[in-house]
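Trainee: Submitted below is the structure of interest, expressed as structure tokens.
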Amino acid sequence: MATESEATGPVVNPELVGGTPIKWAVLEKDLQEHFGTDAKFGEHRSATKFGENQGYVSQIFLAEFDWQSGGDLPKKAIVKITETENLRYICEHVFKTDYDVMRQQVIKIHNNEYNMYKMMRDDWKCDQQLKMPALYCGREYGRDEVEAGYLALEFVDNAIPRHMYHNVQPDSCEDVLRIIAAMGSHSLKHQETVEKLKNEFVMDMFKDVFDLEKTKAGLPVLVGMFPELASDQEFIESKMEAFVGMDSYYKVLNETCPVKMLVHGDLWSANILWEQDKDGIYRIKKLIDWQISYAGNPVADLNRFLNAALDGEEKVRERERLFKVYYDALVNECQGEVDIPFTLEMLNEGYERLLPVLTFSVLPAFANLGAMVLQTVPESERGAADKNMKGKMWTQIKESVEYLRKWY
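Heads up: the sequence shown begins at 1 in UniProt numbering, then just goes up one per residue.
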């Protein structure tokens, strides 16, 4: 999702939204059903695409409806459309992966996000508490034999993006952790639903990431970026069989949270729309991108979020205090109605045991992605952004070596 000022030029098409397989008539019908209206779009309806170089799968549009009546209807929405028409090229020429496998994965990701929004809105009735953009309507991929799926979401204006190379404040993190605690409470109170959200496809996506040989091959990448790591390289390699792989990943998650809880799955600062208060503190406006939510261990969300959001050294100083903020909020949200499946000590242990797994398997690939992301930063800001991002990575690496010695 993006702010209105980031949108590029309008896409003109008489029947299709942005040239995708989703028809304006379908969007109009679904919105009419949601809002209980017979109002129609006007001739000045438009779909403006966000970003020049979006992915090959999902495209995001700012849709303006030009309603001919119904003055209280939303004038615009974010429409996120998933299709696979262009996926074959990237599978064959970029990722070198099987198109049919990737296509099925993309479909599952879209359907998962759509159904997550519906579940939170209609069943758990907590979408507003979790700061989710309001879902107006949407369709699963393939409905009525249309080779696409879509979401129409509330448009959020004046949002501030924060990326990996930015920092937010500990107070900002407290807000987010309280929301994650609320999500955890709802999932503990709806265990019959959570059992259906195991979403094995999410874990299947990460099998290659946690591959032992790939992790071994990635370590020299980190040593190249951070020569100070060379003195620990042999030690890290000697421990890899003990902590790398899906079995080790599952072991940590299951031992530190024996009851499954809903996990956002992609919780980092760029998937939050921010605003600033009068004191300059970043506050969460909306939490977006629920494609890979699944039943798991919330420490995975906490790990990803804090390492992305805070300055590295500040994260080290504040982490245990912030975990207590999360835990106290979870206790308060549960109100004694359900048991919490871990102690604060188990939560901290889960973080420390999980961090080396994520660091040495994920960071090498992220290092390459980070370099690409930095190219989008204005040249005058690029040096500071690079320094900040590498500072976070180096702190995470140092912590991981420390926890390898402690736990493995």
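Idealized CB from N, CA, C, for every residue including glycine. These numbers come from a predicted model, not from an experiment.
What's the call for residue 231, buried or exposed, on a 16-neighbour Cβ count within 10 Å?
Mentor: With a 10 Å radius around the Cβ and a threshold of 16 neighbouring Cβ atoms, residue 231 comes out exposed.
Trainee: For residue 149, name the three-state secondary structure that DSSP assigns.
Mentor: Looking at residue 149 - three-state DSSP - the assignment turns out to be strand.
Trainee: Kindly indicate which three-state DSSP category residue 64 falls into: helix, strand or coil?
Mentor: strand
Trainee: Using the rule of at least 16 other Cβ atoms within 10 Å of the residue's Cβ for burial, across every protein chain shown, is residue 151 buried or exposed?
Mentor: buried
Trainee: May I have the straight-line CA-CA distance separating residue 156 from residue 133, to the nearest angstrom?
Mentor: Take the alpha-carbon of residue 156 and the one of residue 133: they are about 8 Å apart.
Trainee: I need the straight-line Cα distance from residue 34 to residue 362, nearest angstrom please.
Mentor: So the two alpha carbons sit approximately 41 Å from each other.
Trainee: Please report how far the alpha carbon of residue 110 lies from the alpha carbon of residue 327, in whole angstroms.
Mentor: Residue 110 and residue 327 have their C-alpha atoms spaced approximately 31 Å apart.
Trainee: Which same chain residues, not among the five before or five after residue 218, have their C-beta less than 8 Å away from its C-beta?
Mentor: 360, 361, 363, 364, 365
Trainee: Do three or more CB pairs link the region 165-179 to the region 90-103 at distances below 8 Å?
Mentor: No, they do not touch.
Trainee: Quick check: the region 325-342 against the region 184-195, are there 3 or more CB pairs under 8 Å?
Mentor: yes
Trainee: Applying the 10 Å Cβ sphere with the 16-neighbour rule, what's the burial state of residue 240?
Mentor: buried
Trainee: Does the Cβ of residue 263 have 16 or more other Cβ atoms within 10 Å, making it buried, or fewer, making it exposed?
Mentor: Taking all protein chains shown into account, residue 263 has 16 or more neighbouring C-beta atoms within 10 Å of its C-beta and is therefore buried.
Trainee: On the three-state DSSP scale, how would you describe residue 287?
Mentor: strand
Trainee: Return the CA-CA distance between residue 397 and residue 301, expressed in angstroms with no decimal places.
Mentor: 18 Å
Trainee: Let's test the definition: count the other Cβ atoms within 10 Å of the Cβ of residue 53 and tell me whether it reaches 16, buried, or not, exposed.
Mentor: For residue 53, the predicted model reports a pLDDT of 46, less than 50, meaning its position is unreliable; a value from the coordinates is still stated below. Exposed, by the Cβ-count rule.
Trainee: Select from 383, 243, 268 the residue whose C-alpha is nearest the C-alpha of residue 307.
Mentor: Minimum Cα distance to residue 307 is reached at 268.
Trainee: Between residue 215 and chain C, is the shortest Cβ-Cβ distance under 8 Å, so that the two count as touching?
Mentor: In the structure shown, chain C cannot be found, because there is only a single protein chain.
Trainee: Rounded to whole angstroms, what's the CA-CA distance from residue 117 to residue 106? Just pull it up for me.
Mentor: 17 Å
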